[in-house]
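S.K.: Here it is, the structure in full.
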Amino acid sequence: MTQHSAITESSTHPGGDNPPAAAPAAVPRIALVGVHGFGERHLANLARLEEAGAVELVAVADPNPPAQGQLAESVAVFDDLAQLLAADPGVDVVILATPIQTHAPLALAALSAGKDVYVEKPPVASLAQFEEVLAAAESAGRLVQVGFQSLGSRALPAIRAVVESGGIGDVLGLSATGQWVRSKAYFKRSRWAGKRSLDGIDVVDGVATNALAHAVATALHVAGAHTLADVKSVETDLYRAHDTESDDTSILRVRTAAGTTLLCGLTLCAPEQQNPSVTVHGTLGEITLFYTEDEVVITTADGERRETFGRTDLLENLLDARSTGAPLLCSLPDTGAFTTVLEAIRTAPAPQQISPEHITWEGEGDDAHPVVHGIGPSLERAAKAQATFAELGVPWARKLPPVRPLTIDGQEIAEYQDGSRIRAVSSPRPYLHPVRTLAGTVVTDHQPLDHVWHLGVGVALQDVDGTNFWGGRTYTREAGQYIWRPDHGRITATATSIEETAAVTGGPEGRLQETLSWNGPDDAPVLVEERTWTWSGVSSATWRLSLDFALSPAGDQPVSLGSPGSNGRHEGGYGGFFWRLPECGGATVWTPAGAGESEVHGSVTPWLAWAGEFGAGTLEDRTSDGGTSGGSATLVFVPAEGSTDPWFVRADGYPGVGQSLAWDRPVIAEPGNPVQRGITVFVADGILGTADIESLVNRRGNRS
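Count along the sequence shown starting at 1, add 4, and that's the number in the numbering used here.
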């Protein structure tokens, strides 16, 4: 980079003579601290810039000096930065390519000596260090550039322009995904690798803070989160498969001050290395940046567009800022958001070890690397649902306690969730999941990849006076299709009680009663629901779950309860009671009148049965020690006596059963005249035949 000085032609000395020509600006003199590892890349970049006459490398510092002949004879070599600064070789800029825990003290020393600083990522190992270095830079009036090279990509302003122009509609959220492979040797390369601290000093190495830190930093930048003030909250879900202190497989959920949610799903334990990416999810499409390639992929209803962009070198940008005052592309203050994430990881509990049965080691010796089972689909699902591994129920993740367990004779057969962890556009609401047979087979799913707004067993409607309490896109008659709208509501409990009573058949019965408020996007109540769950044992292999609910207007006006079917979607009348099943091998579905989805969907019958082999790869199938379990099971759905609501059944696209409250026309809830529905489900181990089912239904599950 050649620098010039300029003066205007009219400039004169006081005596009237033309001034002498200004001397050319001196070439910036650079010192590199740390010449191995990533420092070797800096040496190569400095050689490129020296050849162009843009810089002069005058000194390096490293206790392990570079090989003979690697540097020009004019370059002074020191053991450390203190020696270098004491010798005062006239350095303008100090580049720090050293271990993480040394960044802050070395940056402080360089700033105190009046030098501008280029520091590798992460810039510091704690929020306290960040604030100290920031204050020192401001006090010294010096520049600090941080080496998140991806922030020099010219793809970033291009993405911002597309988003701001409405090219992908409204932003639903962002995700960052990284699937890398790192061997045992990677963590043996230095004493600090894989450490959260070393000799009592913070290091905070890890997948999100170091190896795939660019994914986090780039995603934060795209989300508009730069400074400390731009981040509202950070949630961490940290794990490790390697024998390290630091995390190598983690989820981070960041909520920005502007209200955007960013979900980062990262691992160093993938089956194979993949290019990491950042995606902006919109109502009309998506933008994905593969930041290591500077490639942008825009996907909308019109198809896919790809474009590759150039990149500004961050050292060149620092030099430009020194000479022209141009803004830094990755200034220290603008890494405040990233530092907030780092601080959340630093202060989080130590990462949980992933159980060996969920890991396969590939390769030999130091080249061996762990592969976490199902990590790719788990990351994809997490990004789409904006959920953590623990919230999804991934088998090796920590188990979150339910809001309330449902038990029979001390055995947990279901978990009640309040929906508070569900993303807003999935219409948060209470539900049961996982629901198990008495033998422990899980027969529900939640937040599945195909429909992340499907939540176990519960009540949901897609059109309640224009509010979506189902989640996802809304089907409208005007559009004639599903579209994203800012119409999602939330169902919350205002009163709850749970008890066990003596059933008339002599067995114990559990009862959960709730008063629920169905609130619209503005949080104003639309409906009030009275919901009652009851459950009891039937036999050693069967138990019974019943649901009764009543929906009343929250105000003094009638409320319309509708569905895609009532809005013109042919046979799309789902809404009301719904049971999302997990993956099921050899599934069969039948009623007294027919079998198969085409025969039972839309029918009105006294019962409907679903049977098959459950546990074929579902994330939530787990035993208490983190293993998996599965087995054959039958679910028998029995509507309330006199019900005329058709069955809503899906078996081919996904497994689900519901009772349609508004099949092809809306139902009106009147003040003082609530809409009431009820259903009973028998949950049985094994495959029941029709005769078994008829017997069970005829005696309503009474104990024999």
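Using N, Cα and C, we set each Cβ at its ideal position, and we do this for glycine too. Computed from a prediction, not measured in an experiment: that's the story for all the values here.
Just confirm the distance between the C-beta atoms of PRO610 and PRO596, as a whole number of angstroms; I'd bet it's less than 8 Å.
M.R.: Yes, they are in contact, since the Cβ atoms of PRO610 and PRO596 sit about 7 Å apart, within 8 Å.
S.K.: Since GLY619 and VAL446 should fall inside the 8 Å C-beta cutoff, what is the C-beta to C-beta distance between them, to a whole number of angstroms?
M.R.: Right, their Cβ atoms sit about 7 Å apart.
S.K.: On the three-state DSSP scale, how would you describe GLU311?
M.R.: Strand.
S.K.: My output table needs one value for HIS455: the three-state DSSP class, helix, strand or coil.
M.R.: The answer is coil: DSSP assigns HIS455 none of H, G, I, E or B.
S.K.: Tell me whether LEU242, by its Cβ, gets closer than 6 Å to a heavy atom of the ligand NAD.
M.R.: The ligand NAD is not part of the structure shown, which contains no ligands of any sort.
S.K.: For LEU112, which residues in the same chain have their Cβ closer than 8 Å to its Cβ, ignoring the five residues on either side in sequence?
M.R.: Answer for LEU112: GLU136, VAL137 and ALA140, listed in chain order.
S.K.: Nearest to SER201 by alpha carbon, out of ILE104, GLY676 and ARG164?
M.R.: Nearest C-alpha to SER201: ILE104.
S.K.: Closer than 7 Å by C-beta to SER628: which residues in its own chain qualify, once you throw out the five before and the five after it? Chain order, please.
M.R.: Reliability of the predicted coordinates at SER628 is poor, the pLDDT of 35 falling under 50, and the value obtained from them is presented with this limitation in mind. Taken in chain order, the list of residues that qualify is empty.
S.K.: What are the start and end residues of the beta strand (DSSP E) that includes GLN663?
M.R.: 660-663 is the span of the beta strand (DSSP E), which, as asked, contains GLN663.
S.K.: Take every Cβ of the region 327-346, pair it with every Cβ of the region 72-81, and state whether three or more of those distances are shorter than 8 Å.
M.R.: In short, these stretches do not touch, since the Cβ pair count stays below three.
S.K.: Looking only at its own chain, which residues have a Cβ that is under 8 Å from the Cβ of LEU147, when we skip the five neighbours before and after it?
M.R.: Once the five neighbours on either side are set aside, the close Cβ partners of LEU147 are ASP120, VAL121, ALA141, LEU322, ALA325, ARG326, LEU332 and SER335.
S.K.: Starting from the Cα of ASN279, find the closest Cα among THR181, GLY204 and GLU534 and give me that residue.
M.R.: Selected option, being the one with the closest Cα: THR181.
S.K.: Return the chain-ordered list of same chain residues with a C-beta closer than 7 Å to the C-beta of LEU110, the five sequence neighbours on each side being excluded.
M.R.: Correct list, in chain order: VAL37, LEU85, LEU100 and THR102.
S.K.: Would you call TRP365 buried or exposed, if buried means 16 or more other Cβ atoms sit within 10 Å of its Cβ?
M.R.: Under this definition TRP365 is an exposed residue.
S.K.: Quick one: what's ALA615 bridged to in DSSP?
M.R.: Its beta-bridge partners are THR592 and THR638.
S.K.: Output the boundary residues of the alpha helix (DSSP H) element that contains ARG99.
M.R.: Rather than Arg, the amino acid found at residue 99 in this sequence is Ile. Note, ILE99: premise wrong, no alpha helix (DSSP H); beta strand (DSSP E) at 97-100.
S.K.: Could you check whether TYR190 and PRO355 sit closer than 7 Å to each other, using their CB atoms as the reference points?
M.R.: No; because the gap between Cβ atoms is not below 7 Å, this pair is not in contact.
S.K.: Check LYS199 in the structure and name its three-state DSSP category.
M.R.: In the structure shown, LYS199 sits in coil (DSSP, three-state: anything other than H, G, I, E or B).
S.K.: Output the boundary residues of the alpha helix (DSSP H) element that contains ALA30.
M.R.: Unbroken run through ALA30: none, as it is neither H nor E.
S.K.: Taking DSSP's pairing of strands, which residues face PRO374 in a bridge?
M.R.: Answer is TRP365.
S.K.: For a test of the three-state rule: what should DSSP assign to TYR190, helix, strand or coil?
M.R.: DSSP places TYR190 in helix when its eight states are reduced to three.
S.K.: Run through DSSP, which three-state label would SER254 get?
M.R.: Residue state, collapsed to three classes: strand.
S.K.: Using CA atoms only, rank isn't needed, just tell me which of TYR479, VAL468, PRO568 and THR480 is closest to GLU533.
M.R.: Here the closest residue by C-alpha is VAL468.
S.K.: With H, G and I counted as helix, E and B as strand and the rest as coil, what does DSSP make of PHE342?
M.R.: PHE342: helix per DSSP, three-state reduction.
S.K.: On the three-state DSSP scale, how would you describe ASP625?
M.R.: Bear in mind that a pLDDT of 38 at ASP625, under 50, signals an unreliable position, so the model cannot answer this.
S.K.: What is the DSSP secondary structure of HIS574, counted as helix, strand or coil?
M.R.: It is coil, neither helix nor strand.
S.K.: When DSSP labels each residue in this structure, what does LEU176 get in the three-state scheme?
M.R.: Strand, per DSSP.
S.K.: SER143: buried (16+ other C-beta within 10 angstroms of its C-beta) or exposed?
M.R.: When all chains shown are included, SER143 counts as exposed.
S.K.: Can you give the Cα-Cα distance for GLN149 and ASP338, rounded to whole angstroms?
M.R.: Taking the straight line joining both Cα atoms gives about 10 Å.
S.K.: Can you tell which of GLU249, ARG573 and ASP241 has the C-alpha that lies nearest to the C-alpha of ALA386?
M.R.: Of the candidates GLU249, ARG573 and ASP241, the one whose C-alpha sits nearest the C-alpha of ALA386 is ASP241.
S.K.: How is ARG244 classed by DSSP in three states: helix, strand or coil?
M.R.: Here ARG244 sits in strand by DSSP.
S.K.: Cβ atoms of VAL211 and ASP251: under 7 Å apart, would you say?
M.R.: Yes. Within cutoff.
S.K.: What do you get for ARG681, buried or exposed, if any count of 16 or more other CB atoms within 10 angstroms of its CB means buried?
M.R.: The residue in question, ARG681, is buried, as its Cβ has 16 or more Cβ neighbours within 10 Å.
S.K.: Return the Cβ separation of GLY423 and ILE495 in integer angstroms, given the expectation that the two are a contact with Cβ distance under 8 Å.
M.R.: Contact flag correct, Cβ pair sits at about 7 Å.
S.K.: Nearest to GLU518 by alpha carbon, out of GLY470, ALA497 and VAL98?
M.R.: The option with the nearest alpha carbon to GLU518 is ALA497.
S.K.: Looking at ALA159: is its Cβ nearer than 7 Å to the Cβ of VAL284?
M.R.: No, Cβ-Cβ distance for ALA159 and VAL284 is not below 7 Å.
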